[in-house]
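Below is one structure, written out as structure tokens, with a few remarks after it.
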Amino acid sequence: PSATRRSPRRARRPAPAPPAAPASPVLALLLLLQAAALRLGPRPSARQEALTRLSARRARFGDGMTWEASNVADGLRSGYRAPDDADDLQLPVAPAELDELETSAGAASAHFFSQKTLADCGATPAMCAALSKVGVTAPSRVQALAFRALSEGKHGVVADQTGSGKTLAYLAPLLQRVAEAKEEDPSKGGPRLLVLAPTAELAEQVHTVARALCEVYDGPRRLRGMLVTSSTGSLGHAAAALRRGDVDVVVATPGRALALLKENAGKPPALDLSRSPSIVLDEVDVLFLDDSFGLQPIGEAAAADSQFVFVTATLPTEVIKTVTREFPGVEVLKGPGLHRAAPGVRKVLLDCSLEGRGRGNSPGAIETALEKKLDGLRSALEARPLRRTMVFCNTLENCRRVENALLRSDRRQMKWRVLPYHSGLKPEAAQKSLQTFSAVNSLVPLVLVCTDRASRGMDFGITGRAGGTVDAATAGGVDHVILFDFPRDVAEWVRRVGRTGRAGRGGLVTILAQGKQVP
């Protein structure tokens, strides 16, 4: 039909030339992976634009924060859930997800660990001792599944449910590989391990786990690492340390890593990936959905024999096909808990639908619907005053409405303490909210009102923001997740629900549903 509206005098535009094939097979894989992952995204235009906008988003760059072996508390643990018969994604309002099924945390914990020992999985005595010092005496299922393949340098896809222990599943074997490589070749040079995480908060969490493990690793060579995010200052210090060849492990956000890959004032790039390092893309599905994530510099800078590890909580079939096609023999390390909520999590549906004249799309009806959900939220919090609750909203506006409503109903914050966490806050304020939410000595229940940024890999029961690492048994994790707004896609449903019931613990999810969201 659009052709009939054209002027007959107007010549047809020639078809655009096909894009040139990427020079690097690694770059080709990354581009294909991004194309596959973008099919999950809600915005069709972004899917196409992301493939052509490969350069990184420019931002304020700054100093990295270095670390080396010294002293950090223990307490690193990760979780696992029982196997299921199917691997298909469970839709958000599937009836099976809405039962008030109570599975005890003890029963869930029984499926937490593998039957294998760390030594059975390929961990050296030094790594077994280091893991024991941080509280890990047995591997979770996904950790046992991934250890040997990754420690041997194979490309891998590590995919399992949120809270299943994926961070240690790749860090432990790769750090063992780094230690062995440094023992064989102690010369200075580029880093031997690069971990990219989509947010500064997740990068900091990964860095804390890596730091704690390296500080208790008793090997002949000490490992040094660096965190490079927007919260660690300017890039000058990071670039200087990298050029000296003093850094073995780099944990960074993509924008900062790409900045270090660029030449500066005639100097070569500070981040040298020519040393055949291991490169990890954590939350890879989130990275590929971000059209500002630049793939080309990473693919071009990486050595041809670099090891690539993709870590994800959601794994579309197309991504698996792409990886196996481009990397014959790649290890697809898919945990049986993939695309499932943890077994110790109870799901409760709270029907906040309007009746009669209250329905409709008019401004008044929308406001009435919002007030009904706010009433439901207050009722859920009052009925279950648990230690830590996360309230997920889809928009910044709704975050503010929820925050203000809860503050008005409890001005002295005697019933709960409200902590906002979203893009509308200054970085210092957002960080303070995370620190407070992770505190273990709060006198009142803590309520973190947040967007999906807090659902991407964050583990509040493992890493304490108020200083160092917190024992998982003491911190306890998130007790209650409330979905104030319904997730916009299945992947976000999996991530939000996965904030509770981690590491074999129990948890509660309350879903505030309206209209067609109610089955």
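Mapping of the sequence shown onto mature numbering (1 follows the signal peptide of the UniProt record, and there is no 0): residues -37 to -1, 1 to 482, in sequence order. Note that CB positions come from ideal geometry on N, CA and C, so glycine has one too.
Report yes if the C-beta distance between tryptophan 379 and leucine 337 is below 8 Å; otherwise report no. no
Pick helix, strand or coil for arginine 350, following the three-state DSSP scheme. coil
Mind checking who aspartate 314 pairs with in its DSSP beta bridge? Ala476
Could you name the residues that DSSP lists as bridge partners for serine 241? Leu156 and Gln270
Measuring alpha carbon to alpha carbon, tell me which residue in Phe355, Arg363 and Val403 is nearest valine 473. Position check: residue 473 holds threonine in this sequence, whereas valine was assumed. Out of Phe355, Arg363 and Val403, Phe355 has the C-alpha closest to the C-alpha of threonine 473.
Which of helix, strand or coil DSSP assigns to phenylalanine 110: helix
When the distance is taken between beta carbons, is valine 282 closer than 8 Å to leucine 159? no
Over the uninterrupted alpha helix (DSSP H) stretch that includes glutamate 146, give me the two end residues. 129 to 147
Length of the line joining the Cα atoms of lysine 225 and aspartate 235: 10 Å
Three-state secondary structure (DSSP) at glutamate 115? coil
With DSSP as the reference, please indicate the residues paired to phenylalanine 251 in a beta bridge. Paired residue(s): none; phenylalanine 251 is not in a bridge.
Under the DSSP definition of a beta bridge, which residues are partnered with alanine 122? Thr275 and Lys297
DSSP on phenylalanine 400, reduced to helix/strand/coil? helix
Cβ pair glycine 298, arginine 468 closer than 8 Å: no
Distance between beta carbons of leucine 301 and aspartate 123, contact taken as under 8 Å: 5 Å
Within its chain, find whatever has a CB closer than 8 Å to the CB of threonine 216; leave out the 5 residues flanking it on each side and keep chain order. Leu159, Ala160, Pro161, Thr162, Ala163, Ala166, Val191, Thr192 and Ser193
Could you tell me which of Pro482, Ala144, Pro136 and Pro88 sits nearest to serine 316, measuring between CA atoms? Pro482
Name the one or two DSSP bridge partners that lysine 230 has. Asn227
When the Cα atoms are used, what is the spatial distance from leucine 471 to asparagine 404? 21 Å
Closer than 7 Å by C-beta to leucine 134: which residues in its own chain qualify, once you throw out the five before and the five after it? Chain order, please. Val172, Ala173 and Leu176
Start-to-end residues for the beta strand (DSSP E) that takes in cysteine 356: Per DSSP, cysteine 356 belongs to no beta strand (DSSP E) and is neither H nor E.
Is it buried or exposed, serine 386, if we count other Cβ atoms within 10 angstroms and call 16 or more buried? exposed
By the DSSP assignment, the beta strand (DSSP E) with proline 88 in it spans what residues? Careful: proline 88 lies outside any beta strand (DSSP E), inside the alpha helix (DSSP H) at 88 to 96.
Rounded to whole angstroms, what's the CA-CA distance from leucine 382 to glycine 208? Just pull it up for me. 41 Å
Check the DSSP bridge columns for valine 381 and list the partner residues they point to. Val410
So, are the CB atoms of alanine 107 and cysteine 91 less than 8 Å apart? no
So the beta strand (DSSP E) valine 444 belongs to, where does it begin and stop? 443 to 446
In angstroms, rounded to a whole number, what distance separates the CA positions of threonine 287 and leucine 370? 51 Å
Based on Cα-Cα distance, which residue from Leu278, Arg185 and Lys145 lies nearest to threonine 125? Leu278
Alpha-carbon spacing of phenylalanine 271 relative to serine 241, whole angstroms: 6 Å
Out of Pro183, Gly182 and Arg187, state which residue places its alpha-carbon closest to the alpha-carbon of glycine 153. Arg187
Going straight from the alpha carbon of glycine 478 to that of leucine 313, what length do you get? 12 Å
If you reduce the DSSP assignment to three classes, tell me which class arginine 462 lands in. coil
With the cut-off set at 8 Å, would you say alanine 417 and methionine 353 are in Cβ contact? yes
In DSSP terms, what phenylalanine 76 is bridged to: Ser103
Suppose contacts are defined by Cβ-Cβ distances below 8 Å. Is valine 119 in contact with glutamate 294 by that definition? It should be pointed out that residue 119 corresponds to glycine in this sequence rather than to valine. Going by C-beta atoms, glycine 119 is nearer than 8 Å to glutamate 294.
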